[in-house]
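This report refers to the structure that appears directly beneath it.
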Amino acid sequence: MGQEDFAIDVKGLRTQFDDFVVHDGLDLTVKQGEILGVVGGSGTGKSVLLRTIIGLNKPAAGTIKVFGQETEGYSGEEYQRLRQNWGVLFQDGALFTSLTVAQNVQVPLREYFNMPQDLMDEIASYKISMAGLPPDAGPKFPSDLSGGMRKRAGLARALALDPKILFLDEPTAGLDPIGAAAFDELVVRLNHTLGLTVFLVTHDLDTLHATCDRIAVLAEKKVLVLGTMKEMISFDHPWVWEYFHGPRARAAMP
Amino acid sequence: MQISALEPHRLDINIDPCPKSGGRNVFFRGDLTIATSSEADSAMDTIDCGQQESICLNLTDVRRFDTAGAWLIYKTMRDLRFEGGKVSYTGATNEQETLIEQALINDAPCAVSPPVRNSLLAQVEDVGEATVVIAENLGSFLSFLGLVLMRLGQELVDLARWFLTAIPARLGLAKQRKPRMRITSLFHHMEMVGLRAVPIVGLICLLIGVVMVQQGAYQLRQFGAEVFVVNLIGIAGLRELGVLLTAIMVAGRSGSAFTAQIGSMKLNEELDAMRTIGLDPIDTLVIPRLLALFIMLPILTFFADIMVLFGGALLSWISLNISPSAFLSQLKEAVLVTDFLVGILKAPVFAIIIAVSGCFNGMSVGGDAESVGNNTTRAVVEAIFLVIVVDAMFAIFFTYIGW
Chain A
1 MGQEDFAIDV KGLRTQFDDF VVHDGLDLTV KQGEILGVVG GSGTGKSVLL
51 RTIIGLNKPA AGTIKVFGQE TEGYSGEEYQ RLRQNWGVLF QDGALFTSLT
101 VAQNVQVPLR EYFNMPQDLM DEIASYKISM AGLPPDAGPK FPSDLSGGMR
151 KRAGLARALA LDPKILFLDE PTAGLDPIGA AAFDELVVRL NHTLGLTVFL
201 VTHDLDTLHA TCDRIAVLAE KKVLVLGTMK EMISFDHPWV WEYFHGPRAR
251 AAMP
Chain B
1001 MQISALEPHR LDINIDPCPK SGGRNVFFRG DLTIATSSEA DSAMDTIDCG
1051 QQESICLNLT DVRRFDTAGA WLIYKTMRDL RFEGGKVSYT GATNEQETLI
1101 EQALINDAPC AVSPPVRNSL LAQVEDVGEA TVVIAENLGS FLSFLGLVLM
1151 RLGQELVDLA RWFLTAIPAR LGLAKQRKPR MRITSLFHHM EMVGLRAVPI
1201 VGLICLLIGV VMVQQGAYQL RQFGAEVFVV NLIGIAGLRE LGVLLTAIMV
1251 AGRSGSAFTA QIGSMKLNEE LDAMRTIGLD PIDTLVIPRL LALFIMLPIL
1301 TFFADIMVLF GGALLSWISL NISPSAFLSQ LKEAVLVTDF LVGILKAPVF
1351 AIIIAVSGCF NGMSVGGDAE SVGNNTTRAV VEAIFLVIVV DAMFAIFFTY
1401 IGW
């Protein structure tokens, strides 16, 4: 598989805050069209990694390439066009609280394109239903929604521009088991129908089993192992073993 | 026997000598819980144990028993054993025994308060730390100010270009690009910052005008120079009072609002979400607020000046018998255009200070709700402080150029 076939290609990444080094010499590849789960203990920098790849954090060293393009050194319009390639779902949705759900979904549309209002409304309602929300969710404000619905609304906004990569930061955190399973199903469905590449930071073993093609384990400031679930289960490392074979893991295994 | 949860906790402790062992028995009767823990603790403190003396803690008649009670029993045993005694407990149910074992497991030294510092040294350290923090904050503040002003300049140039290409674009000679300025947002903030502040600014300035004239007249009466109170309110009102009161009121209303709005958005990760969508928070949030203040503060100041004079005129008429026409003619004699200009020219500068302070403190909010509150307070205090410092500098400047 050539270099250009990777959706995300991280090499030698080093991130640090003042003196505290979070990642050092981290390498990670995400194939196009795959769902990659990223796991690690608390404090191993999963969210920092996600934020660095999408450009919210400046790396101290290393390169990040998205679809073969380096993400550093862009400015203004070029970077805006690059950014349209990915959508991000933050924990709890990070919806703009002063706008309705439909208006939230329309923010990227309004920002980049000059569309008539009815077309934007139609696209917004299509994304809202794609995200599994009921049709009356559009005019509601984020504070009127439950946690699960907020996440789906955030997902609808992340998908507004039909991005090629979807970044999910702990999407099933705080959801009841039924809601979490439904969300997993949604992610798999979107991956199949839209060919989305998904970068999924999670703690949820059920999600890992149900959705991920490959899993990356973050530990010791780098990616310790990157492979399928089968490879994870047989990997010889104390933390990895405990993660995938502990009491909760066995309950989650199919 | 069911004990009602509402029944108050009671504890009786009896210490009797034990004829069999030569030691003592401690009988606990009632509730050994957190409610009775302090009396139990002081009672246990009075027990001095001799070497090899055997002490037996009898829990047979203990009804309610919680982790505090268990801790007390465990601690008593531990300390008396340390003094050399042979301590044991009896009459405990299984649940009570489990709790006492838990106390043993959790008996690890645990620092509860931070280490005590030498108080004199601590004062010096605190001063040093505060100075460094202030210097760092000032640096960040100035760099934020620079960034915002630069971005504002870019947006204004962009707007001008949009204006100038309006006609050529209609003729098909040039392409007109959407300006970066968020006009709708700008007007919304102009209404919130300016229009909504009119009643309160008007009322405050009216009252200050009244008070100033009253106080001034009282002093000037001694020289029979009451009429010069008009000079006082005219010059002081236009040069200083109108603009300062407006700035302080706006700092309180709008400065804190900006910090709270932007700070809450930061907390909710909305700023991050904006950045990932490609919206720059400075363009979207800060510039409209800054520009709204920049436009509305001079207008509010103008209105404030009028209300101060109006308040002064009102009191002069009612209490000093200076008719409105006499007031106006004395005002015309006393006040120069430069007096008005001095006040009005300070307004845009104060607007920038208030807006930048509010937005900067909003964006530097930390990860919790308490930080939003602290930063909001700091934004208002900083803004008012800087406004008054800059006002003093302006006073020197205007005197120097003879205004």
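As given, the protein sequences belong to chains A and B, one line each in that order.
So the first sequence is numbered by our numbering: it starts at 1 and just counts up by one.
So the second sequence is numbered by our numbering: it starts at 1001 and just counts up by one.
Don't be surprised by glycine CBs; every beta carbon is placed ideally from N, CA and C.
Taking the continuous beta strand (DSSP E) assigned at residue 1246 of chain B, which residues delimit it? The residue given as residue 1246 of chain B occupies position 246 in the second sequence. Not the beta strand (DSSP E): residue 1246 of chain B falls in the alpha helix (DSSP H), residues 1242-1250.
Chain B within 8 Å of residue 7 of chain A, Cβ atoms only: Working through the first sequence from its first residue, we reach residue 7 of chain A at position 7. Not an interface residue.
Would the beta-carbon of residue 1371 of chain B be found less than 7 Å away from any heavy atom of the ligand NAD? Looking for the ligand NAD in the displayed structure turns up nothing, as the structure carries no ligands at all.
According to the neighbour-count rule (16 or more other Cβ atoms, all chains shown, within 10 Å of its Cβ), is residue 1101 of chain B buried or exposed? Taking the second sequence and counting its residues from 1, one reaches residue 1101 of chain B at position 101. Residue 1101 of chain B should be labelled exposed.
Which chain A residues are close to residue 1270 of chain B, counting only those with a beta carbon under 8 Å from its beta carbon? Residue mapping note: residue 1270 of chain B aligns to position 270 of the second sequence, counting from 1. Under the 8 Å cutoff, chain A gives 94, 95, 96, 97.
Taking the CB atoms as reference points, tell me whether residue 91 of chain A and residue 170 of chain A lie closer together than 8 Å. Translated into the one-based positions of the first sequence, residue 91 of chain A becomes position 91. Translated into the one-based positions of the first sequence, residue 170 of chain A becomes position 170. For residue 91 of chain A and residue 170 of chain A, yes; Cβs fall inside 8 Å.
Can you give the Cα-Cα distance for residue 1336 of chain B and residue 1242 of chain B, rounded to whole angstroms? As a first step, residue 1336 of chain B is located in the second sequence; it is residue number 336 there, counting from the start. As a first step, residue 1242 of chain B is located in the second sequence; it is residue number 242 there, counting from the start. Cα to Cα, residue 1336 of chain B sits roughly 16 Å from residue 1242 of chain B.
Contacting positions in the region 1267-1292 of chain B - beta carbon closer than 7 Å to chain A: 1268, 1269, 1270, 1272, 1273, 1275, 1276, 1277, 1278, 1279
Can you tell which of A/101, A/52, A/108, A/141 has its C-alpha closest to the C-alpha of residue 131 of chain A? Counted from its first residue, the first sequence places residue 131 of chain A at position 131. It is A/101 whose Cα lies nearest to the Cα of residue 131 of chain A.
Any chance the region 1117-1124 of chain B sits against the region 1249-1265 of chain B, with 3 or more Cβ pairs inside 8 Å? They do not touch, by the three-pair rule.
Residue range of the unbroken beta strand (DSSP E) whose run includes residue 1017 of chain B: What you label residue 1017 of chain B is simply residue 17 of the second sequence in a count that begins at 1. First-last of the beta strand (DSSP E) with residue 1017 of chain B: 1011-1017.
Would you call the region 1262-1279 of chain B and the region 1204-1219 of chain B touching, i.e. three or more CB-CB distances under 8 Å? no
Give, in chain order, every unbroken run of the alpha helix (DSSP H) that is at least 4 residues long and sits entirely within the region 174-231 of chain A. 177-194, 205-211
Can you tell me which of the three DSSP states residue 1086 of chain B falls into? On the second sequence, residue 1086 of chain B is found 86 positions in, with the first residue counted as 1. Three-state DSSP puts residue 1086 of chain B in a strand.
Check for me: the alpha helix (DSSP H) holding residue 1239 of chain B runs from which residue to which? Residue mapping note: residue 1239 of chain B aligns to position 239 of the second sequence, counting from 1. That residue, residue 1239 of chain B, is in no alpha helix (DSSP H); it is neither H nor E in DSSP.
Bridge-paired residues (DSSP) for residue 1061 of chain B: In the second sequence, the residue the question calls residue 1061 of chain B occupies position 61. DSSP output for residue 1061 of chain B lists B/1029 as bridge partner(s).
To the nearest angstrom, how far is the alpha carbon of residue 1068 of chain B from that of residue 93 of chain A? Here residue 1068 of chain B refers to the residue found at position 68 of the second sequence. Here residue 93 of chain A refers to the residue found at position 93 of the first sequence. Distance between the alpha carbons of residue 1068 of chain B and residue 93 of chain A: 43 Å.
I need the straight-line Cα distance from residue 1155 of chain B to residue 1276 of chain B, nearest angstrom please. Counted from its first residue, the second sequence places residue 1155 of chain B at position 155. Counted from its first residue, the second sequence places residue 1276 of chain B at position 276. Their Cα atoms are separated by approximately 21 Å.
Output yes if chain B places a C-beta closer than 8 Å to the C-beta of residue 1 of chain A; else output no. Walking along the first sequence from the start, residue 1 of chain A turns up at place 1. Only weak support is given to the placement of residue 1 of chain A: the predicted model assigns it a pLDDT of 45, under 50, and the question is left unresolved by the model.
For a quick check, are the C-beta atoms of residue 13 of chain A and residue 52 of chain A less than 8 Å apart? Position 13 of the first sequence, counted from the start, is the residue given in the question as residue 13 of chain A. Position 52 of the first sequence, counted from the start, is the residue given in the question as residue 52 of chain A. Yes, the Cβ-Cβ distance between residue 13 of chain A and residue 52 of chain A is below 8 Å.
Start and end of the beta strand (DSSP E) containing residue 1112 of chain B? As a position in the second sequence, residue 1112 of chain B is number 112, starting the count at 1. First-last for residue 1112 of chain B: undefined, no H or E at that position.
Pairwise C-alpha distance: residue 1052 of chain B and residue 239 of chain A: Here the question's residue 239 of chain A lines up with position 239 in the first sequence. Here the question's residue 1052 of chain B lines up with position 52 in the second sequence. Rounded to whole angstroms, residue 239 of chain A to residue 1052 of chain B spans 50 Å at the Cα level.
Figure out for me which residue from A/49, A/196, A/168 has the closest Cα to the Cα of residue 60 of chain A. Along the first sequence, read from residue 1 onward, the residue named residue 60 of chain A stands at position 60. Comparing Cα positions, the closest option is A/49.
Just tell me which of B/1133, B/1363, B/1293, B/1364 has its CA closest to the CA of residue 1351 of chain B. Mapped onto the second sequence, residue 1351 of chain B falls at position 351. Ranking B/1133, B/1363, B/1293, B/1364 by Cα distance to residue 1351 of chain B puts B/1293 first.
Counting only C-beta atoms, is residue 88 of chain A closer than 8 Å to chain B at any point? Indexing the first sequence from 1 puts residue 88 of chain A at position 88. Yes, residue 88 of chain A lies at the interface with chain B (some Cβ there is under 8 Å from its Cβ).
Three Cβ pairs or more, each shorter than 8 Å: is that satisfied between the region 1328-1344 of chain B and the region 1223-1241 of chain B? Yes, they touch.
Between the Cα of residue 1026 of chain B and the Cα atoms of B/1322, B/1037, B/1073, which residue gives the shortest distance? In the second sequence, the residue the question calls residue 1026 of chain B occupies position 26. Of B/1322, B/1037, B/1073, the residue nearest in Cα terms is B/1073.
Considering only residues of the same chain and omitting the five flanking positions on each side of residue 1382 of chain B, which have a CB-CB separation below 6 Å? Walking along the second sequence from the start, residue 1382 of chain B turns up at place 382. Around residue 1382 of chain B: 1357.
Kindly list the residues whose CB is nearer than 8 Å to the CB of residue 1367 of chain B, restricted to its own chain and excluding five residues on each side of it in sequence; keep chain order. Sequence index remark: in the second sequence, residue 1367 of chain B carries index 367 (1-based). Hits under 8 Å: 1267.
Identify, in the order they occur along the chain, each residue of the same chain with its Cβ nearer than 8 Å to the Cβ of residue 1248 of chain B, setting aside the five sequence neighbours on each side. Position 248 of the second sequence, counted from the start, is the residue given in the question as residue 1248 of chain B. Excluding sequence neighbours, residue 1248 of chain B sits near 1384, 1387.
If you measure from the beta carbon of residue 26 of chain A to each beta carbon in chain C, is any gap under 8 Å? The chain labelled as chain C is not found among the protein chains of the depicted structure, namely A and B.
How would you label residue 1400 of chain B, buried or exposed, when you count the other beta carbons within 10 angstroms and need 16 or more for buried? Here residue 1400 of chain B corresponds to residue number 400 of the second sequence, with the count starting at 1. Classification of residue 1400 of chain B: exposed, given that the 10 Å Cβ count is below 16.
Hey, would you say residue 1375 of chain B sits closer than 8 Å to residue 1263 of chain B, going by beta carbons? Taking the second sequence and counting its residues from 1, the one referred to as residue 1375 of chain B is at position 375. Taking the second sequence and counting its residues from 1, the one referred to as residue 1263 of chain B is at position 263. Contact: yes.
Start and end of the beta strand (DSSP E) containing residue 1154 of chain B? In the second sequence, residue 1154 of chain B corresponds to position 154, counting from 1. According to the DSSP assignment, residue 1154 of chain B belongs to no beta strand (DSSP E) but to the alpha helix (DSSP H) extending over 1119-1164.
Just to make sure I have the definition right: I need the residues of chain B whose C-beta is within less than 7 Å of the C-beta of residue 171 of chain A. Which are they? Start at 1 with the first residue of the first sequence, and residue 171 of chain A comes out as number 171. Per Cβ cutoff of 7 Å: no residues; residue 171 of chain A is ~14 Å from chain B at best.
Within 10 angstroms of the Cβ of residue 1393 of chain B, are there 16 or more other Cβ atoms? Answer buried if so, exposed if not. One-based indexing of the second sequence puts residue 1393 of chain B at position 393. By the 10 Å Cβ count, residue 1393 of chain B comes out exposed.
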